[in-house]
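In this text, residue positions in the sequence shown follow this note's numbering: the first is 900, and each later residue adds one. No residue lacks a Cβ here, since even glycine has one placed at the ideal position from N, Cα and C. Given the structure is predicted, the values throughout are model-derived calculations rather than measurements. Reviewing the structure listed below.
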Amino acid sequence: MPDDVRRTPAPWFTPDIPPALRQPDPAWDLVVTDGPVIATAIHDGHALRESLRARVALADADRRREEDPLTGLLTAVGDTRLRVRQSRFEVDLNRSREQAVYATPDACWGLQVWDAQLPEPEVAASLALHERFYAMVGELLERTVARWGCALLIDLHSYNHRRDGPDAAAAPRAGNPDIELGFTTFDARRWGGTARRFAQVLRRHPVRGALPDVRANVRFPTGGHFPEWVYAQWGDRVCTISPEYKKIFMDEWTGQADIAALYALRDGLQHAVDAVRPEFLACR
């Protein structure tokens, strides 16, 4: 899709488009249409800027395994769709500014990302992307809330469940739902019923011939920085739901996608969004 189409704001953003929305950025794809649902995939990307590529000590496949590939396709459920192209290893947009650049193995699953400590100009360049992202999302959410009175933010992620190796058994199902829903950073009094309806609809739509195991706050009992920041800024005006999809839609070791499973997950997510959408259309 050409850049001028992909990043053209909706008519209701004119004539006074804020600077962070007006300027296209090669670090992400942003499609804005008129509606209260925003879907984001901030860990989908695999790109690294040129100056970092020669400094990477981590194998390409190992880096991709810890990213959230294909989650960008699930953003199709949003009126506004945001997919970050840059890898979380360049800058992790789900962490605070102070923790957004992985400096040591302790910061990222014990992995040695860089062949040496990154020079300060490289760290500064990554943090500048972090700042641009939050400025852009801030203006996007502010405009969406002003337009609709409230917003639904679907903060999409995925997680590995075969960490012991490609031939080892998968992690036990008891602690690894097919879809983990992060219900940690919204106003439960206002949006608790909405979240429960959302989960109930997800459970009704089969994936790979079976109804999915959908639970909340099992593996990730606290939200990441991104949804926490949204809640701190907009409170009960934004309902953030953070689905973490177990990688049942792909082989996490080879990267091979299961297209049928991915489409089934997308369709289930679309039904869940459609089921609660009227509540966000009624905020005005």
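- Classified as buried, A1050 has 16 or more neighbouring CB atoms from the shown chains inside 10 Å of its CB.
- For the pair R1103 and P1126, the Cα-to-Cα distance works out to about 26 Å.
- Shown here for A1160: same chain residues with a beta carbon closer than 7 Å to its own, the five before and five after excluded, namely V1106, R1107, I1147, F1148 in chain order.
- In this structure, DSSP gives T932 a state outside helix and strand, which the three-state scheme calls coil.
- In the DSSP assignment, no residue is bridged to C1007.
- Between the alpha carbons of F1119 and W1008 lies a distance of about 15 Å.
- Ranked by how close their Cα comes to the Cα of L929, the residues L951, R980, A960 have R980 in first place.
- Less than 9 Å separates the beta-carbon of A940 from that of L973.
- In the DSSP assignment, I941 is bridged to no other residue.
- Rounded to the nearest angstrom, the gap between the Cα atoms of W1152 and L1026 is 30 Å.
- Using a C-beta cut-off of 8 Å, the stretch 1052-1069 makes no contact with the stretch 951-960, since fewer than three inter-stretch Cβ pairs fall below that distance.
- The beta carbon of A1156 is closer than 7 Å to those of L969, F1148, M1149 in its chain, skipping five residues each way along the sequence.
- Here E965 carries a coil assignment [DSSP, helix/strand/coil].
- Non-local beta-carbon contacts of E1178 in its own chain, meaning distances under 7 Å to residues more than five positions away in sequence, involve T1093 in chain order.
- If the five residues before and after R1136 are omitted, its C-beta is found closer than 6 Å to the C-beta atoms of V1044, C1049, all from its own chain and listed in chain order.
- Within the same chain, A1070 come within 8 Å of R1062 by CB-CB distance, once the 5 residues on both sides are set aside.
- In the DSSP assignment, L981 forms a beta bridge with L929, T939.
- Per the DSSP secondary-structure output, D1054 pairs in a beta bridge with T939.
- In the DSSP annotation of this structure, the continuous segment of the beta strand (DSSP E) that includes S1141 starts and ends at 1137-1145.
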